[in-house]
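Chemist: One structure is given below, represented as structure tokens, and several questions about it will come after.
There are 2 protein chains.
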Amino acid sequence: MANRVTGPEIDTLIQLLAKLPGLGPRSARRAALHLIKKKDQLLLPLARAAAEAADKVSECVKCGNVDTANPCTICTDPRRDTGTIVVVEDVADLWALERANAVNSLYHVLGGTLSPLDGVGPEDLSIDKLIDRASRLKSVGGKAELILAVNATVEGQTTAHYITDRLEGLDVKVTRLAHGVPVGGELDYLDEGTLTAAIKSRSDF
Amino acid sequence: MANRVTGPEIDTLIQLLAKLPGLGPRSARRAALHLIKKKDQLLLPLARAAAEAADKVSECVKCGNVDTANPCTICTDPRRDTGTIVVVEDVADLWALERANAVNSLYHVLGGTLSPLDGVGPEDLSIDKLIDRASRLKSVGGKAELILAVNATVEGQTTAHYITDRLEGLDVKVTRLAHGVPVGGELDYLDEGTLTAAIKSRSDF
């Protein structure tokens, strides 16, 4: 429609916004209109922020995080426990763990999960790099550790198993996230797998 | 969180995206990550499109539409019926009517609705400009017409009544959109007001 009543610039903006996750064609139009109405507070700053991010942000050569520094802020942070690597599927998972302040270690972003049906094999993920990092992993006191923080999905678990196989022979402790009742969760709404896991891994009160 | 692990550029991008309607903090992070991962296909084009739109798009001096031309493409379109003005609350409504190809006339964007509780009075909307346009409205054959295409909300209807009062004495026919069953709608899901209106305005089959 828009070509009839608006310039191509607005159209282009709408089409690009519609490609964002969470925005469909209708919400992209609303977003574009909102941006145009708030030109100085929103549209121009967004243009600048996007250009600047595109200019400065890159993927960390070490861990796969995205950052303006390369190697990233985490990899070069001297206060991090360099004897532990948390393996995640995606940068979003890394961000989530950092928001939770869950761990103070290094990370490794796989870039997805193994998925033979979709043609995603080990060579499509940064698994070789992980094995290489793991082989050089040295803990200051205690044992070096790899925490497999992949999603609790079939693909995630398959990937975790594959990585564990590849790590065989290395002097690295491999752990995975605990399964159980989410904090604030109600038992009635949880699936049987989670409930069984929560009972199995029960702890003293 | 992000300041600990990412540069300020990503943070700024996330914060701006979170201000868009339909995106919360979580989806803004996902959107930012998506943009960063597709730098050349998405992030850079978005930066350019936003800058270009900010540079070229403005509010039409005549009708309040947003466009790269000013007066806008609709106001200067020689094929439009200049004897009819469709009055809408927002540019989004204008776009919706144009998408539907519902009418081939001019428009007038009010910029909102009267809302005394929120402190929105007639002087905050472009009502004076509308009355001025209506007073100079001349139809080629037949009578000049103002179609009040405001939302079927209390605020919309109040605004419509106010405009009708202000138009008194002018030689302009004032109409409003039909109320009734939405095309594809199921009676069971409609409110009583709509059903009553649909019965009242029934037509021969």
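Protein chains in written order, with our numbering: chain A, 1 to 205; chain B, 1001 to 1205.
No residue lacks a Cβ here, since even glycine has one placed at the ideal position from N, Cα and C.
1) Going by other Cβ atoms of all chains shown within 10 Å of its Cβ, with 16 needed for buried, is residue 1205 of chain B buried or exposed?
2) Is it right to say residue 45 of chain A is buried, meaning 16 or more other beta carbons lie within 10 angstroms of its own, or is it exposed?
3) If we cut at 7 Å on Cβ distances, does residue 1067 of chain B have a partner in chain A?
4) On the DSSP bridge list, what partners appear for residue 1058 of chain B?
5) Within 10 Å of its beta-carbon, does residue 132 of chain A have 16 or more other beta-carbons around it, so buried, or fewer, so exposed?
6) As an exercise, report each continuous alpha helix (DSSP H) stretch of at least 4 residues that is fully enclosed by the stretch 1136 to 1199 of chain B, in chain order.
7) Contact between the stretch 1036 to 1054 of chain B and the stretch 36 to 53 of chain A: three or more CB pairs below 8 Å?
8) Have a look at B:1144, B:1111 and B:1121 and flag the residue whose alpha-carbon is nearest the alpha-carbon of residue 1060 of chain B.
9) Would residue 1088 of chain B pass as a contact of residue 1160 of chain B if the rule is Cβ separation under 7 Å?
10) Grab me the residues of residue 954 of chain B's own chain with a C-beta within less than 6 Å of its C-beta, minus the 5 sequence neighbours each way, in chain order.
11) Roughly how many whole angstroms lie between the Cα atoms of residue 1034 of chain B and residue 1201 of chain B?
12) Going along chain A, which residues have a C-beta under 7 Å from residue 1009 of chain B?
13) Can you name, in chain order, every residue of its own chain whose Cβ lies under 7 Å from the Cβ of residue 1024 of chain B, other than the five neighbours on each side?
14) Pull out every residue of the stretch 1028 to 1043 of chain B whose Cβ sits closer than 9 Å to any Cβ of chain A, in chain order.
15) For the stretch 103 to 130 of chain A, list the beta strand (DSSP E) runs that are entirely contained and at least 3 residues long, ordered along the chain.
16) Can you tell me which of the three DSSP states residue 12 of chain A falls into?
17) What residues of chain A sit near residue 1012 of chain B, judged by a beta carbon separation below 7 Å?
18) Bridge partners for residue 1081 of chain B per DSSP, in chain order?
19) Which partner residues of residue 91 of chain A appear in the DSSP bridge assignment?
20) Less than 7 Å separating the beta-carbons of residue 1125 of chain B and residue 1172 of chain B?
21) Which value, in whole angstroms, describes the spacing of the CA atoms of residue 956 of chain B and residue 1196 of chain B?
22) Would the beta-carbon of residue 21 of chain A fall within 7 Å of that of residue 1030 of chain B?
23) Which residues, in order along the stretch 98 to 111 of chain A, keep a beta-carbon less than 7 Å from a beta-carbon of chain B?
24) In chain order, what residues of the same chain have a beta carbon less than 6 Å from the beta carbon of residue 84 of chain A, not counting five sequence neighbours either side?
25) Within the same chain, show all residues whose beta-carbon is closer than 8 Å to that of residue 134 of chain A, passing over the 5 residues directly before and after it, in chain order.
26) Out of curiosity, what's the CA-to-CA distance linking residue 70 of chain A and residue 151 of chain A?
27) Give the C-beta separation of residue 1009 of chain B and residue 49 of chain A to the nearest angstrom, bearing in mind that I take them to be a contact with Cβ-Cβ under 8 Å.
28) Run down chain B in chain order and give the residues with a C-beta less than 9 Å from the C-beta of residue 23 of chain A.
29) Would you give the residue range spanned by the alpha helix (DSSP H) that residue 36 of chain A belongs to?
30) Are the Cβ atoms of residue 1198 of chain B and residue 1174 of chain B separated by less than 7 Å?
31) Can you pull the chain C neighbours of residue 92 of chain A, defined as C-beta to C-beta under 8 Å?
32) With 16 as the cutoff for other CB atoms within 10 Å, does residue 97 of chain A come out buried or exposed?
33) Go through its chain and collect everything with a Cβ distance to residue 43 of chain A's Cβ below 8 Å, but skip five positions before and after it.
34) Along chain A, in chain order, which residues have C-beta atoms closer than 7 Å to that of residue 1187 of chain B?
Modeler: According to the data block:
1) Label assigned to residue 1205 of chain B: exposed.
2) buried
3) yes
4) DSSP links residue 1058 of chain B through a beta bridge to B:1067.
5) exposed
6) Fully enclosed alpha helix (DSSP H) runs of 4 or longer: 1154 to 1167.
7) yes
8) B:1111
9) The answer is no: Cβ separation not under 7 Å.
10) This structure gives no information on residue 954 of chain B, because the portion of chain B shown stretches from 1001 to 1205.
11) 49 Å
12) 49, 52, 53, 56, 57 and 68
13) 1018
14) 1028, 1029, 1030, 1031, 1032, 1033, 1034, 1035, 1036, 1037, 1038, 1039, 1040, 1041, 1042 and 1043
15) 105 to 109
16) helix
17) 49
18) Answer is B:1105, bridged to residue 1081 of chain B.
19) DSSP output for residue 91 of chain A lists no bridge partner at all.
20) Not in contact: residue 1125 of chain B and residue 1172 of chain B (Cβ atoms no closer than 7 Å).
21) Within the shown structure, residues of chain B are numbered from 1001 to 1205, placing residue 956 of chain B beyond reach of any answer.
22) yes
23) 98 and 99
24) 105 and 145
25) These residues qualify, in order along the chain: 85, 144, 146, 167, 170 and 172.
26) Looking at the backbone, the Cα of residue 70 of chain A and that of residue 151 of chain A are separated by about 26 Å.
27) 7 Å
28) 1020, 1022, 1023, 1027 and 1031
29) Counted as a single uninterrupted DSSP element, the alpha helix (DSSP H) harbouring residue 36 of chain A occupies residues 25 to 37.
30) no
31) Chain labels in this structure do not include chain C; the protein chains are A and B.
32) buried
33) 35 and 36
34) Residue 1187 of chain B does not reach chain A, its nearest Cβ partner there being about 25 Å away, counting only Cβ pairs nearer than 7 Å.
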